[in-house]
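Asks: Position one of the sequence shown corresponds to residue 2 (this note's numbering), numbered consecutively onward.
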Amino acid sequence: MARVRLERCGRGPPVWVAIARASIPVTYVDTSVVIRYLTGDDPVRTSAAMAIIETRAERAVSMIAILEASHVLRTAYAYERRTVASALMDLVSRRNVIVPEFAKDHVLRWLKAWGEGTVDSAGDALIAASMSANEAEAIATFDVGFPRGAWTVLAEPQP
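1) My understanding is that A61 touches V30, with C-beta atoms under 8 Å, so please give their C-beta distance in whole angstroms.
2) So the candidates are T142, S122, F103; which of them puts its Cα closest to the Cα of E81?
3) Specify the secondary structure class of V93 as computed by DSSP and reduced to three states.
4) Can you give me the Cβ contacts of N135 inside the same chain, cut-off strictly under 8 Å, excluding the 5 residues immediately before and after it?
5) Indicate whether G1 and M132 have their beta-carbon atoms separated by less than 8 Å.
6) On a Cα-Cα basis, can you pick out the residue from L68, V154, E117 that is closest to R83?
7) Could you tell me the boundaries of the alpha helix (DSSP H) in which D125 lies?
8) Determine the burial state of L74: buried for a count of at least 16 other Cβ atoms within 10 Å of its Cβ, exposed for fewer.
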C-alpha cells in the first residue's frame with residue numbers, strides 16, 4: 002500500500018508524491034503493558050505482558066508510551082532515574098521492539114543521558130532524541146537544563 006503526501010520540489014508549487022511503503026502488521030504496546038512487563042507487580046498481567054513483548058513478532062513502543070512509563074515508574078513506583086532509564090533501554094533494545102517515530106539508537110542515547118543525570122527529564126531526552134534523529138538545527142527553549150547537542154539554543158532566559 003502506498004501513502005501520498007504534499008511535497009514541495011524546489012521552488013515550484015507543492016505536488017502530491019506517492020511514497021511506497023510495505024504494509025507490515027505491527028502491534029503497538031501501551032504503557033500499561035510496559036509497566037506490567039517492567040515491574041512484575043501483577044502476576045497474571047505480567048505473564049500476559051511477557052507473552053506480548055517476548056515474541057519474534059515486531060512490537061512498537063511509541064515515544065509517548067516511553068515517556069508515560071518513565072513518569073509512572075518514577076512517581077507511582079518511586080524508582081530511581083537510573084533504574085527507570087536502564088529498564089526502558091533494555092525494553093527498547095529488544096530485537097523485536099521498534100520506536101516508530103525514528104531509529105531507536107537515538108532513543109537509547111538520550112535515555113542513557115537521562116539515566117546518568119546529564120539530561121534533566123525523560124521528556125527533554127525524548128525531544129533531544131527526536132531532534133538528533135531529524136538533524137534539527139535549533140531549539141527554542143527557556144529551559145537552561147535542556148540537553149545540548151548539534152543544535153543551537155535560540156531562547157535562553159536572561160538573568
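No residue lacks a Cβ here, since even glycine has one placed at the ideal position from N, Cα and C.
Replies: So, from the data block:
1) 7 Å
2) S122
3) Three-state result, V93: helix.
4) F103
5) Nothing can be reported for residue 1, as the shown portion of the chain is limited to 2 through 160.
6) R83 has its Cα closest to that of E117, out of L68, V154, E117.
7) 123 to 134
8) buried
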